[in-house]
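**Student:** The following block contains the structure, expressed as structure tokens.
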Amino acid sequence: MKILVINGPNLNMLGIREPDHYGRETYEDLVNKIKNYCGERNISCDFYQSNHEGCLVDKIQEAYGAFDGIIINPGAYTHTSIALLDAVKAVGIPTVEVHISKVEEREDFRQISYIRFACVRTVTGLGTDGYLKAVDFLTQYLEK
Ligand code: DQA
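When we follow the working numbering, the leftmost residue of the sequence shown carries the number 3, and every step to the right adds one.
So this is what it looks like as structure tokens:
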């Protein structure tokens, strides 16, 4: 099983940005944590982070035929991007949406998620462990 983990804008600033919301782990810590978790389960995983919406669309398109599942934290593009929603719909790859913070308890403008319409599951508010939950969910989903 091959999983692509995509992170959107400002997630490269993990560890520095708003630790009350996003914790103290860095992006590198996050990548290593997921790599170890997947490694123990014989799951192959690749990582991509970009601050640019079009680059994220390109990466989702490139995943077609190459990955079995996608885990995506689109950052602020969650709340604005129909292009990311359409990209996930276009490739038809089972995708789990992850948010480190509990978005549903935050500002009104964070209450809409466009990408959610194309996702098989959403995980919020578990810190970076949410990505591991997403790995578990995708594994079960894809084995069905
Ligand atoms: C986030 C929540 C978004 O609202 C925010 O813009 C982010 C991170 C999260 O992981 O909690 O960049 O997706």
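Note that CB positions come from ideal geometry on N, CA and C, so glycine has one too.
All values derive from a computational prediction rather than experimental measurement.
Tell me the DSSP secondary structure of Asp-70 in three-state form.
**Tutor:** coil
**Student:** Between the C-alpha atoms of Lys-35 and Gly-67, what's the straight-line distance to the nearest angstrom?
**Tutor:** 26 Å
**Student:** When the Cα atoms are used, what is the spatial distance from Gly-10 to Arg-43?
**Tutor:** 25 Å
**Student:** Hey, is Gly-77 close to the ligand MG, as in C-beta under 7 Å from one of its heavy atoms?
**Tutor:** In terms of ligand content, the structure shown lacks the ligand MG and carries the ligand DQA instead.
**Student:** What whole-angstrom Cβ distance do Val-122 and Thr-97 have, given they're in contact under 8 Å?
**Tutor:** 7 Å
**Student:** What do you get for Glu-99, buried or exposed, if any count of 16 or more other CB atoms within 10 angstroms of its CB means buried?
**Tutor:** buried
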